[in-house]
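Have a look at the structure below, then the notes.
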Amino acid sequence: MERRPARGTRPTRGTRPAPAGAPAARPRARLHPAAWWLWALALGTAATRTTNPLLLALLLTTSAYVVTTCRPHTPWSRSYSAFLKLALAVLLIRLVFVVVLGSPIPGTHVIVTLPEVPLPAWAQGIRLGGRVTAEGVLFSLYDGLRLATLLVCVGAANALASPSRLLKSLPGALYETGVAVVVALTFAPNLIADVQRLRAARRLRGRPDRGIRGLLQVGLPVLEGALERSVALAAAMDARGYGRTADVPAPVRRTTAALTLGGLLGVCAGTYGLLTAAGADYGLPLLLAGVAAALAGLRLGGRRSPRTRYRPDRWTPRACLVAASGVAVAALLAAASTTDPQALHPGVVPLTAPTLPLWPAAAVLLGLLPAFLPKEPS
Amino acid sequence: MIRFENVSVTYDGAPAPTIGGVDLTVPEGELVLLAGPSGVGKSTLLGTVSGLVPHFTGGTLRGRVTVAGRDTRTHKPRELADVVGTVGQDPLSHFVTDTVEEELAYGMESLGLAPEVMRRRVEETLDLLGLAALRDRPIATLSGGQQQRVAIGSVLTPHPRVLVLDEPTSALDPAAAEEVLAVLLRLVHDLGTTVLLAEHRLERVLQYADQVALLPAPGAAPLLGTPAEVMAVSPVYPPVVDLGRLAGWSPLPLTVRDARRRAAGLRDRLAQPQPQSQPQPPNGPAAEPPLPLPAPRSGSRSGRLPFLRGPGRRTGTGPEPSAAPPLPAEAHALAVRRERVQALRHVDLTVAPGETVALMGRNGAGKSTLLAAFVGLVEPSAGSVRVGGLTPHRTPPRDLVRRVGLVPQEPRDLLYADTVGGECAAADRDAQADPGTCRALVSGLLPGITDDTHPRDLSEGQRLTLALAVVLTARPPLLLLDEPTRGLDYAAKARLVAVLRELAAAGHAIVLATHDVELAAELAHRVVLLAEGEVIADGPTAEVVVSSPSFAPQVTKILAPQEWLTVAQVREALA
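Quick note, the sequences are listed as chains A and B, same order. Here the first sequence stands for residues 0 to 377, where the numbers follow this note's numbering. Here the second sequence stands for residues 109 to 683, where the numbers follow this note's numbering.
Here you go:
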């Protein structure tokens, strides 16, 4: 299609290669989202290796410090506080359960004795109320803190790089699935906004706008609205070329199908082999071959989609350092948990104050590296 | 560029075709305006160009539509994506990604353009649409005008040869609408893009159109011609054309500038009778309003509409001072914060019974927030707000509906039932009114709507009127309307104006938040201009709008320095 040049004399037609030093080569200020997710999930993995509250607190502080210094100014980055609240709720619920239902940890230090509810014989083994011991509470506190830390690490990943950015880095063949997931991800916030708007509208009709009944009565209109919006979005996406396919020669198509199917079969058989005692020798090679074939199939399948990427996130040395710092924390803590289990899992019977083991603590501090890397010029 | 050959579209289950006998050609590089009353199938006709009708909506398309030589019967919308760019009525439902820059690139990514081409076009489009400063902003945080520009930009980057827009300016304030239209004009002039757009607010667009395609009635064949030719016979026309017809100018003027050149004679004729029939505010809050109402434009309805009654008498609830009844609406030093944004600061506003106030200002100036504060949807962070002596956010909704009623921007939010009859019964119950109150209002305002109609099947204007009837069931002394004329054609607007005038005459206080300067000129006694949450002007309509170039109605601009606001006033003075 021949077009007149736009805006003066600059050529705008597509096939000319970019001149040297074209804007496309300019580095972007933001880090590859996968680096942040690797870093955060590695910190979360490290948290699962220990129940030492001091180490967990150190992990929490580390991730919080990095989030506050490095997070971008987007609506997504505000999700961190939501994850903090969720983690706190998890911790509290766990404590409440221990106080009400008791704990299997034998303890001698009774904090308080709650009135015990007598239960019928068939409910044997369940206790409601009764003695609450310091050991039991402490044990569940340690355990809950571990789960809370894991949640906060996931929250950190969300705040530093939104999951939709991560999904955009998927290979071409999976791109459209990725877009569908991204659109679905925005469904929930839209739904909440709709509920708020319609509950407000109930007030205009003179009906109470609070309470569970109000919520139920707006249910149908909200779903209708959400459905309508989805249809409108689908129409807009279709009109903008979503789902266009390129012509692929038949042999390539067949090879793609064979590679993908064969790869998946290989993965299944290999996993089976690894899990059964008899197949340990052929399991691993078969699994690896399956994965390789499936990846090749995906790559070849990408040819069917003519999509290109606009300013894809680049994997820079800085991204390597960020990801490596997280992985190092996870690896060192995993190693420490095998060499020094006492320090990483402080006992509660008998009651002792947990101590901060020096080397694991130093390892956790490695996770602070992203906050001290020089900022890329923006 | 676009050829319709004997096209008709019939939706599944519809008794008659929505559009029929469409046989026209849109030449390359022209801006063609699609005009016509609501419900004549403008959106359907636009949809056939991008192929969304019938590939996406269903229905049967007869005849043939070709765009740049491609037949839409054999090409799906996605295969037309490189030649047609479509922007629908609601820009928000158009966005796939969440930042401006990614949104601009999305269409090009789908088409598989080379990365360096995409980069260059994104930069150019950011400049062309004045979006460079917003490139990294999340789309959800942009104002309505900015979102509309991003939506246009996002279909522009693949360099489509045809741009199809459905009501691109109806949600925008006058300045933002000018901005969007300027961009479209630039595309037509500089890039030779063919633009086909539908718009109800002809006064904004007509002057830029090369040709006008008029759809006179549902299923009727369209009429294509130069704007002046079409406007001579069109059932929908902007005030400038109305004035031209009244003064007998031929050819009809289409722009304020054309009209001003011819208006010398008219100004002389009008020099003696200075505008008398401007809406005057009632004398005092308690006075029976002796409104010198100009006759409604439709003419036939001159007397009061019998089913409209005044606001209900308050029956002794609450502390009622014996001296003077409380005003319908009062705000003193009102400030509202919404999610870290100072939406309103230090707003003082009082509204007397029988008074109509228009709230104007750009998108995001705080108009809707002010209305929300009057119905207690938001809590003031400082200052006070009272309606009929009550504090809205502390009043139970059940009592509040008898003091204040709001018709929201999307009237559908107010409707829950699946039939008009059910909606009316529920409204009577909510308002504790006599059974049949709401139904009587609906019958009066919307003759010919049966009880078993689904609210979804009503047109935009009918739905608004139904919501208005629901709100009026409780006979609130204060009536608030948020953007009531969005999506209404001139006839529906004239009916709304007549109804609102009657309500004001019956003693209701009315506050409208609107971008529609013509509506404000016809209805409002007073105009309040808001900017960044502050009141920047508050005074009689004539004074405020005459002094502001962007808020002055067309008639004012044409007849300046005389202070006429509407064609109805001029018509009366000449009679």
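Glycine included, C-beta positions come from ideal geometry on N, C-alpha and C.
Whole angstroms is fine: what's the gap from residue i's alpha carbon to residue j's?
| i | j | result |
| --- | --- | --- |
| residue 494 (chain B) | residue 474 (chain B) | 18 Å |
| residue 76 (chain A) | residue 64 (chain A) | 14 Å |
| residue 359 (chain B) | residue 336 (chain B) | 7 Å |
| residue 550 (chain B) | residue 162 (chain A) | 49 Å |
| residue 313 (chain B) | residue 355 (chain B) | 22 Å |
| residue 183 (chain B) | residue 162 (chain B) | 11 Å |
| residue 4 (chain A) | residue 271 (chain B) | Its pLDDT being 39, under 50, residue 4 (chain A) is placed unreliably by the model, and the measurement read from it follows with that caveat. Taking the straight line joining both Cα atoms gives about 18 Å. |
| residue 245 (chain A) | residue 217 (chain A) | 44 Å |
| residue 304 (chain B) | residue 139 (chain B) | 6 Å |
| residue 281 (chain B) | residue 301 (chain B) | 25 Å |
| residue 325 (chain B) | residue 289 (chain B) | 27 Å |
| residue 338 (chain A) | residue 210 (chain B) | 49 Å |
| residue 601 (chain B) | residue 477 (chain B) | 24 Å |
| residue 308 (chain B) | residue 200 (chain B) | 20 Å |
| residue 529 (chain B) | residue 73 (chain A) | 46 Å |
| residue 181 (chain B) | residue 261 (chain B) | 27 Å |
| residue 100 (chain A) | residue 114 (chain A) | 12 Å |
| residue 633 (chain B) | residue 627 (chain B) | 12 Å |
| residue 472 (chain B) | residue 130 (chain A) | 59 Å |
| residue 141 (chain A) | residue 446 (chain B) | 39 Å |
| residue 208 (chain B) | residue 252 (chain A) | 36 Å |
How is residue i classed by DSSP in three states: helix, strand or coil?
| i | result |
| --- | --- |
| residue 373 (chain A) | coil |
| residue 284 (chain A) | helix |
| residue 685 (chain B) | Residue coverage of chain B in this structure runs from 109 to 683, which leaves residue 685 (chain B) outside it and unanswerable. |
| residue 113 (chain B) | strand |
| residue 320 (chain A) | helix |
| residue 336 (chain A) | helix |
| residue 456 (chain B) | strand |
| residue 320 (chain B) | strand |
| residue 207 (chain B) | strand |
| residue 445 (chain B) | strand |
| residue 49 (chain A) | coil |
| residue 440 (chain B) | strand |
| residue 357 (chain A) | helix |
Can you list, in chain order, the residues of its chain whose CB lies under 8 Å from that of residue i, leaving out five sequence neighbours each side?
| i | result |
| --- | --- |
| residue 190 (chain A) | 221, 225 |
So which residues on chain A does residue i lean against when the C-beta distance must stay under 7 Å?
| i | result |
| --- | --- |
| residue 242 (chain B) | Chain A residues near residue 242 (chain B): none, gap ~13 Å exceeds 7 Å. |
| residue 202 (chain B) | 235 |
Name the chain A residues whose beta carbon is nearer than 8 Å to that of residue i?
| i | result |
| --- | --- |
| residue 498 (chain B) | The premise fails here: residue 498 (chain B) is roughly 14 Å from chain A at the closest Cβ pair, so nothing lies under 8 Å. |
| residue 196 (chain B) | 231, 234, 235 |
List, in chain order, every chain B residue whose beta-carbon is nearer than 9 Å to that of residue i.
| i | result |
| --- | --- |
| residue 163 (chain A) | 205, 206 |
Return yes when the C-beta of residue i is under 7 Å from any heavy atom of the ligand COA, and no when it is not.
| i | result |
| --- | --- |
| residue 514 (chain B) | As far as ligands go, the structure on display features none, and thus does not contain the ligand COA. |
So, for residue i: in the same chain, excluding its five sequence neighbours on each side, which residues have a beta-carbon less than 7 Å away from its beta-carbon?
| i | result |
| --- | --- |
| residue 654 (chain B) | 660, 664, 671 |
| residue 369 (chain A) | 38, 65, 69, 321, 324 |
| residue 282 (chain A) | 269, 272, 273 |
| residue 347 (chain A) | 104, 134, 137, 138 |
| residue 283 (chain B) | 470, 658 |
| residue 546 (chain B) | 532, 535, 536, 577, 578, 581 |
Residues in its own chain within less than 6 Å of residue i by CB, not counting five upstream and five downstream?
| i | result |
| --- | --- |
| residue 586 (chain B) | 436, 437, 495, 512, 617 |
| residue 127 (chain A) | 116 |
| residue 455 (chain B) | 439, 442, 643 |
What does residue i reach in chain C if we use C-beta pairs closer than 7 Å?
| i | result |
| --- | --- |
| residue 214 (chain B) | Note that chain C does not occur in the displayed structure, where the protein chains are A and B. |
Which chain B residues sit within Cβ distance under 7 Å of residue i?
| i | result |
| --- | --- |
| residue 32 (chain A) | Those do not exist, as residue 32 (chain A) stays about 13 Å from chain B at its closest Cβ, beyond 7 Å. |
| residue 242 (chain A) | 186 |
| residue 199 (chain A) | 485 |
Residue i touches chain A at which residues, Cβ-Cβ below 9 Å?
| i | result |
| --- | --- |
| residue 482 (chain B) | Those within 9 Å of residue 482 (chain B) in chain A number zero; the least Cβ separation is about 11 Å. |
| residue 516 (chain B) | 196, 199, 200, 203 |
Could you say if the stretch 183-191 of chain B and the stretch 249-269 of chain B meet the contact criterion of at least three C-beta pairs nearer than 8 Å? Result yes; three or more Cβ-Cβ pairs closer than 8 Å.
With three or more C-beta pairs closer than 8 Å as the rule, is the stretch 295-302 of chain A touching the stretch 252-265 of chain A? Because the criterion of three Cβ pairs below 8 Å is met, the stretch 252-265 of chain A and the stretch 295-302 of chain A touch.
Three or more beta-carbon pairs under 8 Å between the stretch 159-179 of chain B and the stretch 227-242 of chain A, yes or no? Cβ pair count under 8 Å is three or more, so yes.
Would you check if the stretch 26-45 of chain A and the stretch 165-179 of chain A touch, i.e. whether three or more CB-CB distances between them fall below 8 Å? Result yes; three or more Cβ-Cβ pairs closer than 8 Å.
Are there three or more Cβ pairs, one per stretch, closer than 8 Å when the stretch 208-220 of chain B is compared with the stretch 150-160 of chain B? The stretch 208-220 of chain B vs the stretch 150-160 of chain B: no contact.
Is the stretch 520-529 of chain B close to the stretch 196-209 of chain A, with three or more CB pairs under 8 Å? At 8 Å Cβ cutoff, the stretches touch.
The stretch 328-348 of chain A in contact with the stretch 41-55 of chain A per 3-pair CB rule at 8 Å: Taking 8 Å as the limit for Cβ pairs, the verdict is that the stretch 41-55 of chain A does touch the stretch 328-348 of chain A.
With a threshold of 8 Å, are at least 3 pairs of Cβ atoms found where one atom belongs to the stretch 450-461 of chain B and the other to the stretch 640-648 of chain B? As far as the Cβ criterion goes, the stretch 450-461 of chain B touches the stretch 640-648 of chain B, which means the pair count is three or higher.
May I ask you to verify whether the stretch 556-565 of chain B touches the stretch 479-487 of chain B, counting CB pairs closer than 8 Å and requiring at least 3? Cβ pair count under 8 Å is below three, so no.
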